[in-house]
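Residue numbers (our numbering): 78 to 644.
In what follows, a single structure is set out as structure tokens and then discussed.
Pasting the structure below:
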């Protein structure tokens, strides 16, 4: 499921354009006819890999040099799991009348086949077939996308806050500005983005440097089995911008010099487990191509057919198809960065697959003041592990539309790639680290590293803190101190009774007494605030009449006063 269906953004239309290159090693995959209403896709699991001509002792026959180098750096062995499936079995499958082979999966020792029910029975009778899983139960691509997403607020960037434009706050929160100043902008790192489409990436000015500098390594549409990705839904365009956007003075992403591989895995017109299988195929392509970081702003919990729905108990790191795929992707040395989901305000509430996977970075969303977003999916996993792992800015995140307009949107879909770009830069700065060490240092740098919770996990990471933890003998620089906020109330003026108190230095991590007086000096509200490390707290004064109010805040040693207006 594209997470924009839950809360994020309205799709922005763009024309379709030709794609650039095939993803992963090998020739361009051929077009394959889409299933009809009676022909469905199935994952056919094999009993073994007997008859495969490949060997773990000669991995260069099926993995790229870059993929092998990534494993060697991390001392990750090539296992039988990595071997391609038996070509003998594949040929026998293709020989079954009515069977259309779409893909094979090394990791799951399986093949994705489209066929009708009678053909499926014949396939299940083959001696080498262990099991079959139906992936879709209806004709895809015939319905409108689900949900009426809120419209984005279009804003032409004024180039404020240095060269980053509207993207400054989200980059600065993670220390990405300092990371870039230190010379780490993603050079030499490969990032795979899994999404529903990337219209405008080959035309909008924010992405020009990617194409002109030959940093778009490949494109692959897993849904349609072709290279056409510059069409369909614009969600992927928005997400890619937060990493690779590069238009100084208007917009800069968190890894503007990284190399990208773009994958369409999501069919926005229907919701079936086949999209999880598409995620698996894309992850295997990314592995074989030597990708370092996967950014996935997709999530799965319920489907068009309730019989295929997951329950929260399934969010245990072992059940969901995409979760198991993400786990293997982490095992082979990639850092998988996954959006937590946008179910925080819904009945589901919890993270969605593959965010429950072990050994990956699951990302929750906060606003620019580090308050957790209400929509951000909560943890823990069903088996009690801390999720999300970290958080980044996912409220009013600056993104880029297919037409090149700088806009804003909400969702863990945007927090995820913002952080994925920082991951790429941090790993570039620390190339000897393993993927799991990268995750570990980022978690240790988090704002809640000592007291992780089920809302934002280990908190908001920071590049400088993580770098200094990884390099104690040669720190980049002193980690930046906590922001020295001034005491203020916002919004000011206020149209309702939802008020926030931004805390100044000396007013955090200590009990506070807050009093609100009206223009005549009468006490109208009083509140005790418990010690908190948050940069701001919510005030609950109750119903206030229109007028000017004075708020006094005391920490027991000093008292500050701030005024605000209620409209």
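C-beta atoms are modelled at their ideal positions from N, C-alpha and C, and glycine is treated no differently.
Buried versus exposed, by CB contacts within 10 Å (16 or more), residue 168: For the purposes of this step, residue 168 is taken as residue 91 along the chain shown, with counting starting at 1. Under this definition residue 168 is an exposed residue.
Would you call the stretch 134–142 and the stretch 488–497 in contact, with 3 or more CB pairs under 8 Å? Not touching, per the Cβ criterion.
Measure the C-alpha to C-alpha separation of residue 541 and residue 314 and round it to an integer number of angstroms. Against the chain shown, residue 541 aligns to sequence position 464. Against the chain shown, residue 314 aligns to sequence position 237. If you take the alpha carbons of residue 541 and residue 314, they lie about 29 Å apart.
Please state whether DSSP places residue 102 in a helix, a strand or coil. Against the chain shown, residue 102 aligns to sequence position 25. Only weak support exists for where residue 102 lies, its pLDDT of 34 falling under 50; the coordinates are left without a value.
Three-state class that DSSP yields for residue 634 in the structure shown: For this step, residue 634 is matched to residue 557 along the chain shown. Looking at residue 634 - three-state DSSP - the assignment turns out to be coil, as it is neither helix nor strand.
Beta strand (DSSP E) runs contained entirely in the stretch 302–346, provided each spans 3 or more residues: As far as the stretch 302–346 is concerned, its whole beta strand (DSSP E) runs of at least 3 residues are 336–341.
Measure the alpha-carbon distance for residue 402 versus residue 147 and round it to whole angstroms. Stepping through the chain shown from its first residue, residue 402 is reached at position 325. Stepping through the chain shown from its first residue, residue 147 is reached at position 70. Here the alpha carbons of residue 147 and residue 402 stand approximately 18 Å from one another.
Cα-Cα separation between residue 612 and residue 577, rounded to whole angstroms: For the purposes of this step, residue 612 is taken as the residue at position 535 of the chain shown. For the purposes of this step, residue 577 is taken as the residue at position 500 of the chain shown. Going from the Cα of residue 612 to the Cα of residue 577 covers about 10 Å.
Straight-line gap, residue 440 to residue 429 (C-alpha atoms, nearest Å): Residue numbering aside, residue 440 sits at position 363 when the chain shown is read from its first letter. Residue numbering aside, residue 429 sits at position 352 when the chain shown is read from its first letter. If I take the Cα positions, the gap works out to 11 Å.
Around the Cβ of residue 548, are there at least 16 other Cβ atoms within 10 angstroms (buried) or fewer (exposed)? As a first step, residue 548 is located in the chain shown; it is residue number 471 there, counting from the start. By the neighbour-count rule (16 or more Cβ atoms within 10 Å), residue 548 is not buried but exposed.
Between 408, 193, 188 and 586, which lies nearest to residue 116 when the distance is taken from Cα to Cα? As a first step, residue 116 is located in the chain shown; it is residue number 39 there, counting from the start. Nearest of 408, 193, 188 and 586 to residue 116, Cα basis: 193.
Kindly indicate the opening and closing residues of the alpha helix (DSSP H) around residue 149. For this step, residue 149 is matched to residue 72 along the chain shown. Looking at the DSSP string, the run of the alpha helix (DSSP H) that includes residue 149 is 142–150.
Whole angstroms is fine: what's the gap from residue 291's alpha carbon to residue 284's? Residue mapping note: residue 291 aligns to position 214 of the chain shown, counting from 1. Residue mapping note: residue 284 aligns to position 207 of the chain shown, counting from 1. Spanning the two alpha carbons is a distance of roughly 11 Å.
Rounded straight-line distance, which links the Cα of residue 366 to that of residue 337: Translated into positions along the chain shown, residue 337 becomes position 260. Translated into positions along the chain shown, residue 366 becomes position 289. So the two alpha carbons sit approximately 11 Å from each other.
Does the beta-carbon of residue 597 have 16 or more other beta-carbons within 10 angstroms, so that it is buried, or is it exposed? As a first step, residue 597 is located in the chain shown; it is residue number 520 there, counting from the start. Exposed, by the Cβ-count rule.
Three or more C-beta pairs closer than 8 Å, one from the stretch 315–331 and one from the stretch 349–362: is that the case here? When Cβ pairs closer than 8 Å are counted between the two stretches, the stretch 315–331 is seen not to touch the stretch 349–362, the count staying below three.
Starting from residue 271, trace the beta strand (DSSP E) in both directions and tell me its first and last residue. By one-based count along the chain shown, residue 271 stands at place 194. From DSSP, the beta strand (DSSP E) with residue 271 extends over 267–272.
Need the endpoints of the alpha helix (DSSP H) that residue 401 sits in, please. Locating residue 401 in the chain shown gives position 324, where the first residue counts as 1. From DSSP, the alpha helix (DSSP H) with residue 401 extends over 398–408.
For the beta strand (DSSP E) holding residue 578, just list the boundary residues, first then last. Walking along the chain shown from the start, residue 578 turns up at place 501. Residues 576–579.
Between which two residues does the alpha helix (DSSP H) harbouring residue 503 extend? One-based indexing of the chain shown puts residue 503 at position 426. Run containing residue 503: 489–506, per the alpha helix (DSSP H) assignment.
Terminal residues of the beta strand (DSSP E) in which residue 439 lies: Sequence index remark: in the chain shown, residue 439 carries index 362 (1-based). Bounds of the beta strand (DSSP E) holding residue 439 are 438–443.
Nearest residue (CA-CA) to residue 511, options 453, 409, 571 and 301: Taking the chain shown and counting its residues from 1, the one referred to as residue 511 is at position 434. The residue with the shortest Cα to Cα distance from residue 511 is 409.
Alpha carbon to alpha carbon, how far is residue 502 from residue 261? Give it in angstroms, no decimals. Translated into positions along the chain shown, residue 261 becomes position 184. Translated into positions along the chain shown, residue 502 becomes position 425. Going by the C-alpha atoms only, they are around 5 Å apart.
Short of 8 Å in beta carbon distance, which residues of its chain neighbour residue 207, apart from the five on each side in sequence? Order them along the chain. As a first step, residue 207 is located in the chain shown; it is residue number 130 there, counting from the start. Closer than 8 Å at Cβ, skipping near neighbours: 122, 123 and 124.
Taking buried to mean at least 16 other C-beta atoms within 10 Å of its own C-beta, is residue 527 buried or exposed? For this step, residue 527 is matched to residue 450 along the chain shown. Classification of residue 527: exposed, given that the 10 Å Cβ count is below 16.
For residue 436, tell me which candidate among 247, 444, 414 and 586 has the shortest Cα-Cα distance. Within the chain shown, the letter at position 359 stands for residue 436. When 247, 444, 414 and 586 are compared, the shortest CA-CA separation from residue 436 is found for 414.
Integer-rounded CB distance, given that residue 412 should sit under 8 Å from residue 375: Against the chain shown, residue 375 aligns to sequence position 298. Against the chain shown, residue 412 aligns to sequence position 335. Between residue 375 and residue 412 the beta-carbon gap is near 17 Å, outside 8 Å, which marks them as no contact.
Output needed for residue 584: all residues of its chain with C-beta closer than 6 Å, excluding positions within five of it in sequence on either side, in chain order. Locating residue 584 in the chain shown gives position 507, counting from the first residue. Here the set comprises 632.
Does at least one heavy atom of the ligand NAP sit under 7 Å from the Cβ of residue 567? Summarising the ligand content, the structure contains no ligands, and the ligand NAP is consequently not present.
Where residue 190 and residue 211 are concerned, what is the direct C-alpha to C-alpha distance, given to the nearest angstrom? As a working note, residue 190 is residue 113 in the chain shown. As a working note, residue 211 is residue 134 in the chain shown. Distance between the alpha carbons of residue 190 and residue 211: 10 Å.
Less than 8 Å separating the beta-carbons of residue 201 and residue 475? Within the chain shown, residue 201 is the residue found at index 124, counting from 1. Within the chain shown, residue 475 is the residue found at index 398, counting from 1. Their beta carbons are not under 8 Å apart, which means residue 201 does not touch residue 475 by this criterion.
Considering only their Cβ atoms, is the gap separating residue 534 from residue 422 smaller than 8 Å? Taking the chain shown and counting its residues from 1, the one referred to as residue 422 is at position 345. Taking the chain shown and counting its residues from 1, the one referred to as residue 534 is at position 457. Not a contact, by the Cβ cut-off of 8 Å.
Could you work out which residue in 406, 390 and 271 is closest to residue 425 when comparing CA atoms only? Against the chain shown, residue 425 aligns to sequence position 348. When only C-alpha atoms are compared, the closest one is 390.
Could you work out which residue in 388, 275 and 373 is closest to residue 379 when comparing CA atoms only? The residue given as residue 379 occupies position 302 in the chain shown. When each option's Cα is compared against that of residue 379, the closest is 388.
Thinking just about the alpha-carbon of each residue, which of 618, 472 and 457 is nearest to the one in residue 531? Locating residue 531 in the chain shown gives position 454, where the first residue counts as 1. Nearest to residue 531 by C-alpha distance, out of 618, 472 and 457, is 457.
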